[in-house]
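Visitor:
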Amino acid sequence: MKTTKLILAGGFLGAGKTTLLWEAAQRLMKQGLRVGLITNDQAPELVDSKLLSLANLKVAEVSGSCFCCNFDGFMDAIKKVRREAEADVIIAEPVGSCADLSATLMQPLKQYWNRELQIAPLSVLADPLRLDSIVDGGNAGLHPDAAYIFRKQLEESDIILINKTDLLQADKLEALKKKTAVLFPSATIFTISALTGSGIEQWLQEVTSRREAGLQLLEMDYDMYANGEAVLGWLNGTVCLNGENTDWDLFARTFLANLSEEFEKKAYAVGHVKVICENGKKFIAGNITGPANMLTLRNTAGKSGEAKLIINARVETSPEILDHIVRQTLTRLTADKYLMEVIAWRYLQPGRPDPTHRFTQLV
Ligand SMILES: Nc1nc2c(ncn2[C@@H]2O[C@H](COP(=O)(O)OP(=O)(O)O)[C@@H](O)[C@H]2O)c(=O)[nH]1
Ligand SMILES: [Mg+2]
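One gets the numbering used here by counting positions in the sequence shown from 1 and adding 668 to each.
1. Among all the DSSP beta bridges, which residues are the ones paired with L722?
2. Under a three-way DSSP split, which group does Y1006 fall into?
3. Pull up the CB-CB distance for L885 and A771, whole angstroms please, since I reckon it's below 8 Å.
4. In its own chain, which residues sit with a C-beta less than 7 Å from the C-beta of D800, not counting the 5 before and 5 after it?
5. Identify the continuous alpha helix (DSSP H) that holds R982 and give its terminal residues.
6. Flag this pair as yes or no: are the beta carbons of G679 and K685 separated by less than 9 Å?
7. Using 8 Å as the cut-off, classify the Cβ of T848 as near or not near the heavy atoms of ligand 2, replying yes or no.
8. Would you decide whether T671 is buried or exposed? Buried here means 16 or more other CB atoms lie within 10 Å of its CB.
9. When the Cα of L1030 is compared with those of F858, M697, L773, which residue comes out closest?
10. Check for me: the alpha helix (DSSP H) holding E946 runs from which residue to which?
11. Look up E784 in the DSSP assignment and say whether it is helix, strand or coil.
12. For the beta strand (DSSP E) holding S791, just list the boundary residues, first then last.
13. Please name the residue, chosen from E912, I827, D891, that lies closest to L872 on a Cα-to-Cα basis.
14. Is V715 helix, strand or coil by DSSP?
15. For A683, verify whether its CB is less than 8 Å away from any heavy atom of ligand 1.
16. My guess is that A969 and E946 are in contact by the Cβ rule of under 8 Å, so how many angstroms apart are they, rounded?
17. Closest by CA to D804, which one among F818, K840, K847?
18. Would you grab the beta carbon distance between L965 and R921 for me? Rounded to a whole angstrom, and I think it's under 8 Å.
19. Buried or exposed: A960, going by 16 or more other Cβ atoms within 10 Å of its Cβ?
20. Just list the residues that DSSP pairs A760 with in beta bridges.
21. Where does the unbroken alpha helix (DSSP H) through K748 begin, and where does it stop?
22. Would you say E761 touches ligand 1, meaning its beta carbon is less than 8 Å from a heavy atom?
23. For F919 versus A953, is the C-beta distance shorter than 9 Å?
24. Which residues in the same chain have their Cβ closer than 7 Å to the Cβ of T1002, if we skip the five residues on either side of it in sequence?
25. Going by Cα to Cα distance, which pick from Q699, L720, K698 is closest to I944?
26. Please list, in chain order, all residues of the same chain as S717 whose beta carbon is under 6 Å from its beta carbon, the five residues on each side excluded.
27. Suppose the cutoff is 6 Å on Cβ atoms and the five residues either side in sequence are ignored; what does the same chain contact list for N904 look like?
28. Between which two residues does the alpha helix (DSSP H) carrying N895 extend?
29. Determine the closest residue to A849 out of V703, L769, I802, with distance taken between C-alpha atoms.
30. Can you tell me whether N831 is helix, strand or coil according to DSSP?
31. By Cβ distance, which residues of its chain are closer than 6 Å to T1024, with the 5 residues on each side in sequence left out?
32. Does F818 come out as helix, strand or coil in the three-state DSSP assignment?
33. Looking at the structure shown, is T1024 part of a helix, part of a strand, or coil, going by DSSP?
34. Is P789 near G882, with beta carbons less than 9 Å apart?
35. Tell me whether T957, by its Cβ, gets closer than 8 Å to a heavy atom of ligand 2.
36. Check whether the stretch 743–760 touches the stretch 849–865, counting contact only when three or more Cβ pairs, one atom from each stretch, lie closer than 8 Å.
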């Protein structure tokens, strides 16, 4: 079997990884390449996988653990997309609260899989608002230990992608790029907009041609890392709603806006909240992304009496409180109007990271 290019695109929650996967896959496919994608989460029922597969992309999901703590599961996913999609290129999105990927993924991949896979440089996306705070010594609106993870992700990257440049004025972007280069001197910096596609071609050119990958190894305090993950409550839920004829676009917007209001009232920082509302073949996808709780919606689900709703929320509070807020907000919107069937509902606090491999030297 031919070798497959493997691109890891990491970065904190809401940085734009899934949007980049989608956009990059479109471009690579236009060049006649076969592309497979791998998503990752601490629990099943992922909005990201759903979104990508609705776009007819070949997606495998590693859920229940991050790639580094389930290296074999990650390799199984790679084998699956290599086999089923005959992928020339695989782009994988590690879970947004994960760091130390050079030691736990890049080095073992180089050591054990360098015949089957051509490992691309480790790319890490950053939301410019959060990054702007981090480069000024701040915590990007996050708990200090969560901000520690954010910083470590950037520190170990081969390539930093400052994303969402469509939201920034040119002079602000230039200043941010300069400060980032000073703080993270070993990374090559690209500025992109995963949403508009700007800069993606140049990044793809670099990751598909450059041979050196995983050039940094972190010193990582696993107590701080574990705490940074544990301060986030995690909820993945899927429900079917059946009842009144409903404008699902309005429903998704109202649901997200109400959630955002609840979290703001209590001053709980949002990692991200995502929903996808499916009405047959039509869907609307919505997001709230910290630090400014920006609400965005994409696509349209139209009107009907029935829809399926998937919710993924990562918010700085206990999983029990998160569950309570999401449930209550949903019940307020649906009570007396719909029959709600819960298909899946999990809330949890990520456990202490315990990587399968952790290399202490570069391969
Ligand atoms: N304005 C803007 N928004 C973006 C861009 N990339 C991603 N987003 C938005 O940021 C939110 C989180 O994106 P997503 O790809 O799900 O992030 P992930 O959590 O890193 O996978 C979504 O609302 C996206 O539409 C971008 O380049 N510009
Ligand atoms: Mg994602």
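From the three backbone atoms N, C-alpha and C, an ideal C-beta is built for every residue, glycine too.
All figures in this text were calculated on a predicted structure; none of them were measured in a lab.
Guide: From the atom records:
1. In the DSSP assignment, no residue is bridged to L722.
2. strand
3. About 6 Å separates the CB atoms of L885 and A771; that is less than 8 Å, so the two are in contact.
4. Cβ neighbours of D800 beyond the five flanking positions: L844.
5. Careful: R982 lies outside any alpha helix (DSSP H), inside the beta strand (DSSP E) at 971–983.
6. yes
7. Not so, every heavy atom of ligand 2 lies at least 8 Å from the Cβ.
8. exposed
9. L773
10. Looking at the DSSP string, E946 is not in any alpha helix (DSSP H); the run it does join, the beta strand (DSSP E), is 938–947.
11. For E784, the secondary structure class from DSSP, reduced to helix, strand or coil, is coil.
12. 791–794
13. When each option's Cα is compared against that of L872, the closest is I827.
14. helix
15. yes
16. 7 Å
17. Minimum Cα distance to D804 is reached at K847.
18. 6 Å
19. exposed
20. L676, I706
21. 739–753
22. yes
23. no
24. L909, M1008
25. L720
26. T707, V727, E729
27. Excluding sequence positions up to five before and after N904, its CB lies within less than 6 Å of the CB of A711, E713, N980, R1014, all in the same chain and listed in chain order.
28. 890–898
29. Of V703, L769, I802, the smallest CA-CA separation from A849 is found for I802.
30. coil
31. F739
32. helix
33. coil
34. yes
35. no
36. no
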